[in-house]
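Undergrad: Take this structure first; my questions come after.
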Amino acid sequence: MTVTVLGIRHHGPGSARAVADALAVIEPDAVLIEGAPELDAVAALAAEPTMLPPVAGLVYCPDEPRRAAFYPFAAFSPEWWALRWGLGHGAATSFIDLAAAHQLAEDPDAGDATAGADGDPVRTDPLGVLAAAAGFDDPERWWEDAVEHRHRGLDAFAAVTEAMAALREDGVVAERPSDLRREAAMRRAIRAAAKVHERIVVVCGAWHAPVLDPSTFPSISHDAALLRNRPKVKVAATWVPWTHARLAYRSGYGAGVDSPGWYAHLMTAPDDVTARWLTRTAHLLRAEQVDTSPASVVEAVRLADALAALRERPLAGLAEMTDAATAVMGGGSTVTLDLVAERLLVGDDLGSVPPETPAVPLARDLERQQRRLRLRPKATEEVVTLDLRTPSHRDRSRLFHRLAVLAVPWGEQVDAGRTRGTFKEAWRLEWRPELSVALIDASGAGTTIEAAAAETLARRAEDADVAALTTIVEAALLADLPAAVAATVAVLEERSARQHDVLRLMAAIEPLARLARYGDVRRVDTEVVEGVLRGMAARVAIGLGPACASLDDDAAGEVRGLVDGVSRGLALLSDDDLRDGWLAALAQVADQDRVHGSVAGRATRILLDAGRVEAAEASARLSRALSRAADAAAGAAWLDGFLAGDAALLLHDPALLAVLDEWIATVPAEAFDDVLPLVRRTFSGFTRPERRQVGDRVRRLDGSGSARAVPGTSDDVDPARAARARPVLRQILGVGA
């Protein structure tokens, strides 16, 4: 019986080729791979032609799916080559790491196969130590020179194992308790395999290689003590698609690499690695409208090879190719290559798994809908614009909104751009591997996307307040879940009837009013929502006056925002009765002396815009609020509420502007420092051109409320010039001559 330990670098193409060569020479009857033994149940699927890396083994707790660990495999992963070789040659192939059932019990947030348990010290990177000893400041570059470009069969593995043994003996790199337990589990699996197989190959991380050689094994009792009485949870295993982006260090993956795209190129390029890489770089740059000629590719290849020779490297590596491309194709600037760096160095590969891969019913339902709606998951970000007047686009919108309810954010809604209606939606789509776990997590609510979304909203509604219920109703309407809408509206109606806080009811008006508009485009029934809205609006109108009494500055700001929200909401509806009741309530608030100026001023402005208060009356109220007898700070608050966000009144009503000008000029000195910030806040909401025009108008005031002429600023109309414009205006407006 012989046991050959191949210490590899996770996701190293040189290691992958060396493993393939070693397996061809040894021809083992058993292949043991570092990885969760639960994956043995689904390992055979890796032999299917439809299993295309990058993929990941997923081990999760069915009762708590967020407890999960991923075991990624890329086309350049040595473990992937070992797995495919073993399955393809009839060797007994299995994973031998510590069971994920134990690892997830000890560390619920393991996340990936390299995560250690709580309390583990941060381990120094052993490859970094070896690289420093060899005079390299970059471990990636050292590994490329020493292994990726110079693999020499079994001799390379022996050298790596010897180096790791030296590091472990000297204590240069700390041994983590979780590693010791994992190694004990792997030794136990090797002992079991040795009882039935003659030629065994073990493929594991280089750090573990020295302690997995049977000649170095401690006693069985030693390993048993490390593994005794470990906590355990129930788990299940499957395969999920993975992405190159999630193989990168920056994704948080502990065993990641800097440039997955580069390693994939090293693994797949049949020859001329340098020329093929720089040719691909040129193709991507040309797609970005960067002029890159074949001659520049030739020159970049020559420069990369020359740099490798000067730096005494066996072959041009990524650093040399990047420097050459920057110099030749980018004109010495890194800005040009930054345009394609993500696609070049990381890539947008998304793997696939066979149809027979175990999956929860919810995931199967999503796959069916993706096929029906022609929505193929992609690892790259794309924006999809939907026209909700089209049935197929409405179906897509429903799916995205239902997934949002289930916290499976495949799509994120973004600004749809300028449009005249509510028929347009835009979604930013990007499929991420962790969404597979989110689907498993959501599967407890139902076996289909529709059923699970409806059940999820029903659960949320159980303890929600009135404001939250309106959000739930909105989500149910957007997702087209009639049963959830009816159930939630019933709860909303019951709780709003018992709600005595008028401000909470006000917060719900605008969302409900928006919901009432969805029926036109989405073809959903919003009649039940309109019924609840009428009742809530009536209660808000009745209780508005008392709710606005005796407010401090902070409370007044909140109420003013709610008043604006109710006004915006009711303006969306073609219901004169609701609007009349609301404006009548605002009229009472505007006339009350004990109402905070910010709220009273806002109420007056809304009434003016609605035609319920004449401009002369509004000017008189402003005069009273800003009179010398009134408190200056209160007057500033009234002014802010009245003018906030729009300078049109001051620009078109000289009387109002004159009142304001006179008030500012007569504010007592002791109050001016308190008033100035309030006035500045009001004017900061105007656009710069509006502020400039207001200044011009103020310069022309003569102190009597009338404007005086200022050179260069006359508003007199030239009849001759106006006559020339009149025919064009009539044509644009569609009126007769």
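Residues -4 to 732 in the working numbering are what the sequence shown spells out, letter by letter. Here a beta-carbon is modelled for each residue, glycine too, at the ideal position from N, C-alpha and C.
When burial is assigned at 16 or more other CB atoms within 10 Å of the CB, is Trp137 buried or exposed?
TA: Result: buried.
Undergrad: Please give me, in chain order, every unbroken run of the beta strand (DSSP E) with length at least 3 that falls completely inside the segment 357 to 439.
TA: Entirely contained in the segment 357 to 439, the beta strand (DSSP E) runs reaching 3 residues are, in chain order, 377 to 382, 406 to 409, 419 to 424.
Undergrad: If we ignore side chains and look at the alpha-carbon of each, how far apart do Ala129 and Ala474 end up?
TA: Rounded to the nearest angstrom, the two C-alpha atoms are 60 Å apart.
Undergrad: For Leu567, which residues of its own chain have a beta-carbon under 8 Å away from its beta-carbon, when the five flanking residues on both sides are left out?
TA: These residues qualify, in order along the chain: Ala508, Arg509, Ala511, Arg512.
Undergrad: Anyone know if the C-beta pair for Glu74 and Gly30 falls short of 8 Å?
TA: Going by C-beta atoms, Glu74 is nearer than 8 Å to Gly30.
Undergrad: What does DSSP give as the partner residue(s) for Tyr258 in the beta ladder?
TA: Paired residues: none, contrary to the question.
Undergrad: Whose CA, out of Pro209, Gly530, Gly85, Ile601, lies closest to the CA of Leu557?
TA: Minimum Cα distance to Leu557 is reached at Ile601.
Undergrad: Quick check: the Cα distance between Ser214 and Ala94, rounded to an integer number of angstroms?
TA: Answer to the nearest angstrom: the Cα atoms are 21 Å apart.
Undergrad: Helix, strand or coil: how does DSSP classify Val230 here?
TA: The answer is coil: DSSP assigns Val230 none of H, G, I, E or B.
Undergrad: Would DSSP call Glu59 helix, strand or coil?
TA: Reduced to three states, the DSSP call for Glu59 is strand.
Undergrad: Could you please give the first and the last residue of the uninterrupted beta strand (DSSP E) stretch that includes Thr88?
TA: Thr88 -> beta strand (DSSP E) spans 87 to 90.
Undergrad: Consult DSSP for Ser347 and reduce its assignment to one of helix, strand or coil.
TA: Looking at Ser347 - three-state DSSP - the assignment turns out to be strand.
Undergrad: Please report how far the alpha carbon of Leu207 lies from the alpha carbon of Glu407, in whole angstroms.
TA: Computed Cα separation, rounded: 47 Å.
Undergrad: Taking only the alpha-carbon atoms, compute the straight-line gap between Met450 and Ala536 and give it to the nearest angstrom.
TA: According to the sequence as given, residue 450 is Glu; it is not Met. Those two C-alpha atoms are separated by around 34 Å.
Undergrad: Report all residues from its chain with a CB closer than 7 Å to the CB of Ala270; omit the five preceding and five following residues, and keep chain order.
TA: Closer than 7 Å at the Cβ level, and outside the excluded window around Ala270, lie Val296.
Undergrad: Please state the DSSP three-state secondary structure of Gly606.
TA: Residue state, collapsed to three classes: coil.
Undergrad: Between the alpha carbons of Thr109 and Leu175, how many angstroms are there, rounded?
TA: Reliability fails at Thr109, whose pLDDT of 42 lies under 50, so the model's placement of it is uncertain and the value that follows must be treated cautiously. Whole-angstrom Cα-Cα distance: 13 Å.
Undergrad: Closest to Gly326 by CA distance: which of Asp343, Glu294, Thr352 is it?
TA: For Gly326, the nearest C-alpha among the options comes from Glu294.
Undergrad: What is the DSSP secondary structure of Pro236, reduced to helix, strand or coil?
TA: If DSSP states are grouped into helix, strand and coil, Pro236 belongs with the strands.
Undergrad: So, helix, strand or coil for Gly769, using DSSP?
TA: Because the chain spans -4 through 732 in this model, residue 769 falls outside it and cannot be assessed.
Undergrad: Assuming Asp218 contacts Arg183 under a Cβ cut-off of 8 Å, what Cβ separation, rounded to an integer in Å, is found between them?
TA: Going by Cβ atoms, the distance from Asp218 to Arg183 rounds to 6 Å, so yes, they are a contact pair.
Undergrad: Determine the burial state of Leu724: buried for a count of at least 16 other Cβ atoms within 10 Å of its Cβ, exposed for fewer.
TA: Exposed: under 16 other Cβ atoms inside 10 Å.
Undergrad: In three-state DSSP terms, what is Ala750?
TA: An answer regarding residue 750 cannot be provided, because it is not within the stretch -4 to 732 covered by the chain.
Undergrad: Counting C-beta neighbours from all protein chains within 10 Å, is the total for Leu305 16 or more, i.e. buried, or is it exposed?
TA: Result: exposed.
Undergrad: Note down the Cα distance separating Gly312 from Trp257, rounded to an integer number of angstroms.
TA: If I take the Cα positions, the gap works out to 9 Å.
Undergrad: Return the first residue and the last residue of the beta strand (DSSP E) that Leu476 is part of.
TA: No beta strand (DSSP E) contains Leu476, which DSSP labels as neither H nor E.
Undergrad: Could you tell me if Phe681 is buried or exposed, where buried requires 16 or more neighbouring beta carbons within 10 angstroms of its beta carbon?
TA: Classification for Phe681: buried.
Undergrad: Between Ala629 and Leu581, what straight-line distance do the alpha-carbon atoms span, to the nearest angstrom?
TA: Each residue's alpha carbon lies about 19 Å from the other.
Undergrad: Classify Phe395 as buried or exposed, calling it buried when 16 or more other Cβ atoms lie within 10 Å of its own Cβ.
TA: Buried.
Undergrad: Could you pull the DSSP bridge partners for Cys199 from this structure?
TA: Answer by DSSP bridge pairing, in chain order: Gly2.
Undergrad: My output table needs one value for Thr(-3): the three-state DSSP class, helix, strand or coil.
TA: Note: Thr(-3) maps to strand in three-state DSSP.
Undergrad: When the Cβ atoms of the segment 74 to 85 are set against those of the segment 0 to 18, are three or more pairs found closer than 8 Å?
TA: Taking 8 Å as the limit for Cβ pairs, the verdict is that the segment 0 to 18 does touch the segment 74 to 85.
Undergrad: With DSSP run on the structure shown, which of helix, strand or coil describes Val335?
TA: Residue state, collapsed to three classes: coil.
Undergrad: What does a CB cutoff of less than 7 Å around Ala158 pick up in its chain, not counting 5 residues either side in sequence?
TA: Only Leu125 meet the Cβ criterion.
Undergrad: If you draw a straight line from the alpha carbon of Pro8 to that of Ala141, how long is it in whole angstroms?
TA: Their backbone Cα atoms lie some 13 Å apart in a straight line.
Undergrad: Cα separation between Phe418 and Arg391?
TA: Approximately 13 Å between the Cα atoms of the pair.
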